[in-house]
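Notes follow the structure.
Residue numbers (UniProt numbering), protein chains in the order written: chain C, 1 to 234; chain V, 1 to 655.
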């Protein structure tokens, strides 16, 4: 008597039915306060200050950071997102001068963003002067900066910047990238984690499911947005 | 364009810093600050334009909060990242003003000034001892208890830089710093890390303060630090390990589950090697502290591939001084005992990098490189195969004149190792004037330098040729060597006796050195053998004498005269040096040394053999040898039998 190998393998895995699984899930007690903390952590880290205030009132959850600092941080982020980099620099320097003084890469990226904004506004002469006076010395200090600077200055060489090879620098996503980097640095300076905890929890969920897949068949969550349980594969 | 005056002429801006109009002054100040933050070029150019004294003047004489905050921030930025900036703000006399402002009623002013202070204290130029004048230290410690965590954090990081001497550490602890710092371990990440950093600085090499941390709050503080070894933040892990390594070094059984704790710290630290930035740079140095003189832990480190990982650092391009020091120190510790570690490191072919580090600008790098070479050179096999590079010798000899006595001592003991048994290195040392340097150091007032220098000369003499020995003696002089034989330090006396032993070992010319100049060396050794009570010194002396006894008839006769002197009343066996040491039951090595003298004096085929045998027999030596043939020490027993055989053979008249 022989059975196909695949059959043999799959049958060697333990099958957990939906009912069993849901019962097990129901047995796990998660405190409401902990869930609320996770939500608050997300709101605070991502800078949703109004939502955080409302959530605080409704749930009584204390934010792990002074909500006032979120407003400052969001003002900085917004300034970058609007292309107003000098304004952002002044604001962050008022918040804590150490941030840009001890973070050369971030400082360079902000200056680079300033240059991009000058180029975007068609101010070629000023852009060149700025690149030479402010950015070139940074390029001398660090080779990686020099390459990025060259890429940025290349924008000036194209008539149609939108379709040129370095056109991505003019994209909104570039502002977004710079804004995020700055946001993360401010959070770190405030002893706060730069990423919310929720995404890493999701990563852990995926990891745990992958581990479990080798041993058992169970109602998996494939759709993370709705967290629907799939039927176990038998 | 927004309000920023990025394009205003710098000269005008600097001028406006002294404007009589408050608004204009504030604007200029903000503009300068925003231009220099993150920008070294701008900092330098504003320093040249004389902006710093004007900024400091605002801090000194203004009272409006925004002006004070902005000027403190500008001072901090000038001092951040460039030495010229630190010098400029200190030269402008900023320190007293900053300290005064720490008691300002406005929290923003206090925070800005505290931050500036932190920047200044990150530099090596910081006036650390100035902080111990008056009540300054109390003031900073008070800030540790500030409601504002940012202020507490900067206060802790200033303190972390103020603990360079034991006195500083003690003053800080006496002012109550320890309790406040330990309390901050419960604060948020950055403050906690600054506190741990300060605790590390306080406990470094300070047994007393380590004991204080251990006992604080019935050990709860220590338990807290132990928990932080597994913290999520890499920097916290590093600093917690550094604290515990200090504590572990100060007292060998300082915490529970000692062994598990140490191995898990080691694992954490080795993983931190890969961390970017300061954490990865500092981790090797902490490993060095952790595994120092702990052989088992060094073994575990070897199993964790720590040697290879550290060696990899050396293969990379230039490392920051602090990291290079840590890497080399850790390697020095790991290679101090285990040949396997040494082999792994040498197989990586990083010798040239280590040798180059001997000439590094930074003293701590030179010291670490020297320790590393010393550890590697503890194996003669390595010297002959992997450390043959002659370029090694010259920088080492240069370190013999280093401005730091610690480095000198390290260098001497390293030279000691490399000249032991490798003729080419001996020759280079000789050619480069190393011998003269060692001889000079042998006259040093510092006892450690003296021991190490005599040690090195002793090793240099080992199996050397006649010309080298003669040159050394003509420069060292017989009378200086005699002085060293009677040095005030026991260790120096021992090494000087051993030097004589190596000097007079070998051919007739070498042995002759013992009896030239009225046998001044032989007599000095004889005198020590009479008066010394330290067996190590006497063992070296007996071997020196036995080496002379291996020489010609004249040499043997000279030895007979000191070991079994003939008095007008005949030979008195009981009071002779030889019988005394043959009968010495305190240390078998003394008996072995004395037996070698007998063996060499009764060596078959020498003309005066019969006379010597009869003189030895009359002194009761042969009877003593029979007793010794039953000695509990195997070595003694064998030698005694050999000597007896030679006595028996000596009976038969030579044909």
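A virtual CB, placed ideally from N, CA and C, is assigned to each residue, including glycine. None of these values were measured; they are calculated from a predicted model.
Could you spell out the range, first to last residue, of the alpha helix (DSSP H) harbouring residue i?
i             : result
residue 223/C : No alpha helix (DSSP H) contains residue 223/C, which is instead part of the beta strand (DSSP E) from 221-223.
residue 248/V : 234-250
residue 145/C : 143-153
residue 225/V : 220-228
residue 445/V : It is not in any alpha helix (DSSP H) - residue 445/V carries neither H nor E in the DSSP assignment.
residue 66/V  : 65-78
residue 104/C : 104-120
residue 131/C : Looking at the DSSP string, residue 131/C is not in any alpha helix (DSSP H), and its letter there is neither H nor E.
Would you report the Cα separation of residue i and residue j, rounded to the nearest angstrom?
i             : j             : result
residue 622/V : residue 431/V : 49 Å
residue 22/V  : residue 99/V  : 24 Å
residue 184/C : residue 91/C  : 15 Å
residue 143/V : residue 55/C  : 34 Å
residue 39/C  : residue 83/V  : 45 Å
residue 45/C  : residue 179/C : 14 Å
residue 169/V : residue 107/C : 37 Å
residue 120/V : residue 477/V : 54 Å
residue 594/V : residue 544/V : 10 Å
residue 490/V : residue 502/V : 19 Å
residue 281/V : residue 90/V  : 29 Å
residue 626/V : residue 592/V : 14 Å
residue 28/V  : residue 310/V : 49 Å
residue 523/V : residue 204/V : 49 Å
residue 390/V : residue 583/V : 48 Å
residue 639/V : residue 596/V : 7 Å
residue 221/C : residue 33/C  : 24 Å
residue 245/C : residue 67/C  : Lying before the first or after the last residue shown, residue 245/C is absent from chain C, which here runs from 1 to 234.
residue 237/V : residue 268/V : 7 Å
residue 535/V : residue 486/V : 15 Å
residue 601/V : residue 526/V : 16 Å
residue 515/V : residue 334/V : 45 Å
residue 637/V : residue 624/V : 12 Å
residue 202/V : residue 28/C  : 46 Å
residue 179/V : residue 145/V : 10 Å
With hydrogens ignored, establish whether the beta-carbon of residue i is closer than 7 Å to any heavy atom of the ligand FAD.
i             : result
residue 113/C : Ligands in the displayed structure: none, and consequently the ligand FAD is not present.
With distances taken from CA atoms, which of the options is nearest residue i?
i             : options                       : result
residue 64/C  : 39/V, 187/V, 117/V and 450/V  : 187/V
residue 633/V : 586/V, 13/V and 266/V         : 586/V
residue 116/C : 97/C, 96/C and 148/C          : 148/C
residue 100/C : 81/V, 87/V, 90/V and 64/V     : 81/V
residue 656/V : 182/V, 209/V, 207/V and 206/V : Chain V is shown only over 1 to 655; residue 656/V falls outside these bounds and no answer can be derived.
residue 88/V  : 575/V, 126/V and 103/V        : 126/V
In three-state DSSP terms, what is residue i?
i             : result
residue 5/V   : In this prediction, residue 5/V has a pLDDT of 41, which is less than 50 and means its spatial position is unreliable; what the coordinates show is noted afterwards. It is coil, neither helix nor strand.
residue 316/V : coil
residue 390/V : helix
residue 89/V  : helix
residue 566/V : strand
residue 203/V : helix
residue 453/V : helix
residue 558/V : helix
residue 533/V : coil
residue 253/V : coil
residue 61/C  : coil
residue 217/C : strand
residue 125/V : coil
residue 642/V : helix
residue 49/V  : coil
residue 1/C   : Any reading at residue 1/C is ruled out, since the residue's pLDDT is 45, under 50, leaving its predicted position unreliable.
residue 20/V  : coil
residue 102/V : coil
residue 84/C  : coil
residue 71/C  : helix
So that I know if they touch, is there some Cβ in chain B lying closer than 8 Å to that of residue i?
i             : result
residue 113/V : Absent from the structure: chain B. Protein chains present are C and V.
Suppose only complete runs of 4+ residues qualify. What are the alpha helix (DSSP H) ranges in the region 330-378 of chain V, listed by chain order? 339-347, 351-357 and 363-376
Considering only residues of the region 5-42 of chain C, which uninterrupted alpha helix (DSSP H) runs meet the minimum length of 4 residues and lie entirely inside it, listed in chain order? 5-12 and 18-27
Runs of alpha helix (DSSP H) wholly within the region 169-215 of chain C (minimum 4 residues, chain order): 172-189 and 197-213
Every unbroken alpha helix (DSSP H) inside the region 142-217 of chain V [4 residues or more]: 149-160, 166-174, 177-183, 189-203 and 207-215
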